[in-house]
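Read through the structure below, which is laid out as structure tokens, and then see the notes.
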Amino acid sequence: MIDDRPDISLLIQWLEPLVDWKPFGLCLVGIKEHEILKIEKENVTIEDKKLALYLKWLSVNPKATWRDVIDALTSRNQNKLAQDIKEHIDIDSLSTLSSLSPKTSYSDGDTEIIFFPKEDQTVQDSLDDLQINFSHIMKEVKLAFRGKTVQNSRQSIEISNWVESYLHWEYGTIDNDLDDIFKKIHHNYDFIDCSLIVAMCNEFISDERDLLDELKAYSLKANAFRSSRPITELKQKLRKVYGPFRRQLENMPLICIELQNPWNDVKINGLYILIKKLLPIELRQSIMKCITIESGSVVIKLHILDFTADSLIEYTGGKLQFMCLIGIFSLYINDHPVLQEDENMNFTFELALLEAVTAGNNEVVEFLLQLETINIDHTNEEGKTALMLACERGHEDIVHSLLSAG
């Protein structure tokens, strides 16, 4: 493991005692003095500066290893810390990465820290790359927005009004202050779904062509990842750890959803589609920041911000048929059961489609088609497809949906 690429979360944890970060940074291969000065200028706290250093190093040095970290520490006479990291590596080599529980965690609001089992290296590497790129882009985005508000003092008011309208929030939810704007929208985007940030940039900093081109290229890459990776690749637990928001989540309503086994093969994008269907539009927040996915039958645990448990129970209670048909067999809000059935080992999306057509439920039909994992030509015991059943029953809306899906 000493020659493995460092994980950003472990750099934060294991280098927590490091105070004299600038000389250490200059000893990392790929880091130049002007980059250290830039990091020093753009960040306030030592935690911010250290995080920016780690992200910069990993972005400029694709061959970075833990050996480089240890060598840099040793060259600066940080021998105790270097030895501690060696011991961490030895211990970690005997266990999986998923068993780690960091003593501390940190986020600047743009950096997502995710732990995966060691065997999921491909997924982890892809997410590391996305995470590093997104953190860099968000810093540039915030600088561009800050420049606009300096030029025009009313710009913050316009941005606040736009965000409230875009997210269907109540008027006055956001203060007319740029820092408050980014603080309030923190849970409404993440590094694999940055559509909110793209829309904001198109609206307010459209003259920053290079930055917008970079952001749009990144967004396409993130969407491709989200649409190509199945949920089953996020084995064990997918966790997002981000310091100042962690405790807040513990007091928020928790939805626990159990899905039938075929959901393991649904692409990550399917989770976003599912949450959009289950929650009111004003509560459709970042999934990666508030979700845990457990192994076995897919178990989703999602904290909901700014909403009461009673309101959630009432809202989801009106979607029982929808939930049953798409493969949800259990849904709890805190300890309250909204839906509780036995797991159906024979469940398939093809059978769910046939059942939805029989019930005349076009909402379910359109949802299942969006998952892009379904064979619409599958037949029932009588040899009839979903389209044939829809035609027989005169469900014109369903016929249109099926024909549109090809």
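The letter at position 361 of the sequence shown is residue 361 when you use the UniProt record's numbering, and the numbering goes up by one with no holes. Yeah, the Cβ is synthetic: ideal placement off N, Cα and C, and Gly gets one too.
Count the other C-beta atoms from every protein chain shown that fall within 10 angstroms of the C-beta of residue i, then say buried if there are 16 or more, exposed otherwise.
i, result
"serine 206", "exposed"
"glutamine 151", "exposed"
"glycine 383", "exposed"
"lysine 63", "exposed"
"serine 156", "buried"
"leucine 94", "Caution applies to leucine 94, whose pLDDT of 48 falls short of 50 and renders its modelled position unreliable; the model cannot decide the point."
"glutamate 258", "buried"
"arginine 226", "buried"
"glutamine 321", "exposed"
"asparagine 362", "buried"
"isoleucine 326", "buried"
"aspartate 397", "exposed"
"lysine 32", "exposed"
"lysine 403", "Here the sequence assigns leucine to residue 403, which means lysine is not the residue at that position. Exposed, since its Cβ has fewer than 16 Cβ neighbours within 10 Å."
"histidine 187", "buried"
"asparagine 334", "exposed"
"serine 228", "exposed"
"glutamine 83", "exposed"
"threonine 45", "exposed"
"glutamate 80", "It is lysine, not glutamate, that sits at residue 80 in the sequence shown. By the 10 Å Cβ count, lysine 80 comes out exposed."
"asparagine 375", "exposed"
"leucine 331", "buried"
"aspartate 90", "exposed"
"serine 135", "buried"
"lysine 50", "buried"
"glutamate 314", "exposed"
"serine 165", "exposed"
"glutamate 350", "buried"
Identify whether residue i lies in helix, strand or coil by the three-state DSSP scheme.
i, result
"cysteine 194", "coil"
"isoleucine 300", "strand"
"leucine 28", "coil"
"lysine 41", "helix"
"glutamate 258", "strand"
"lysine 63", "coil"
"glutamine 248", "Because the pLDDT at glutamine 248 is just 48, under 50, the model does not fix this residue reliably, and the value given afterwards should be weighed accordingly. If DSSP states are grouped into helix, strand and coil, glutamine 248 belongs with the helices."
Find the nearest neighbour of residue i within the set the options, judged by alpha-carbon distance.
i, options, result
"isoleucine 181", "Phe191, Asp193, Leu167, Ala359", "Leu167"
"asparagine 261", "Glu382, Met345, Lys38", "Met345"
"histidine 395", "Asp335, Tyr218, Asp310, Val365", "Val365"
"lysine 216", "Thr149, Ile137, Glu258, Trp263", "Ile137"
"glutamine 340", "Thr348, Leu351, Met323", "Met323"
"glutamate 140", "Arg209, Thr385, Ala222", "Arg209"
"alanine 224", "Leu212, Ile197, Asn269", "Asn269"
"asparagine 380", "Thr348, Leu320, Lys184", "Thr348"
"leucine 369", "Ile313, Ile255, Phe134, Ala405", "Ala405"
"proline 253", "Asp48, Asp310, Asp193, Ile85", "Asp310"
"lysine 319", "Val338, Ala72, Lys301", "Val338"
"leucine 70", "Lys56, Tyr332, Leu18, Glu35", "According to the sequence as given, residue 70 is isoleucine; it is not leucine. Comparing Cα-Cα distances from isoleucine 70 to each of Lys56, Tyr332, Leu18, Glu35, the minimum goes to Leu18."
"isoleucine 192", "Ser59, Leu15, Ser219", "Ser219"
"arginine 5", "Glu16, Arg67, Glu164, Ala386", "Arg67"
"glutamate 16", "Glu392, Tyr171, Met1, Glu47", "Glu47"
"glutamate 170", "Glu35, Val60, Ser160, Asn61", "Ser160"
"aspartate 265", "Glu372, Met388, Thr173, Leu212", "Glu372"
"isoleucine 132", "Leu53, Leu178, Glu35", "Leu53"
"leucine 130", "Val163, Leu58, Ile85, Asp175", "Leu58"
"serine 195", "Asp179, Thr385, Leu212", "Leu212"
"methionine 1", "His34, Lys86, Thr149", "Lys86"
"alanine 72", "Thr149, Lys22, Val163", "Lys22"
"arginine 336", "Arg154, Cys256, Lys221", "Residue 336 is actually histidine in this sequence, not arginine. When each option's Cα is compared against that of histidine 336, the closest is Cys256."
"serine 401", "Phe367, His378, Glu392", "Phe367"
Flag this pair as touching only if the region 135-152 and the region 191-206 have three or more C-beta atom pairs under 8 Å; answer yes or no.
Remark: three or more beta-carbon pairs, one from each stretch, lie closer than 8 Å, so the region 135-152 and the region 191-206 are flagged as touching.
Secondary structure, alpha helix (DSSP H): runs of 4+ residues fully inside the region 312-392:
Complete alpha helix (DSSP H) runs here, min 4: 320-326, 349-359, 362-370.
The region 63-79 touching the region 19-31, judged by at least three CB pairs closer than 8 Å
Output reads yes: the region 19-31 touches the region 63-79.
Are there three or more Cβ pairs, one per stretch, closer than 8 Å when the region 271-279 is compared with the region 341-359?
Taking a cut-off of 8 Å on C-beta distances, the region 271-279 does not touch the region 341-359, as fewer than three cross pairs fall below it.
Touching or not, the region 36-45 and the region 8-15, by the rule of three or more beta carbon pairs under 8 Å?
Cβ pair count under 8 Å is below three, so no.
Could I get the ranges of all uninterrupted alpha helix (DSSP H) runs contained in the region 142-174, with 4 residues as the minimum, in chain order?
Listed in chain order, they are 155-166.
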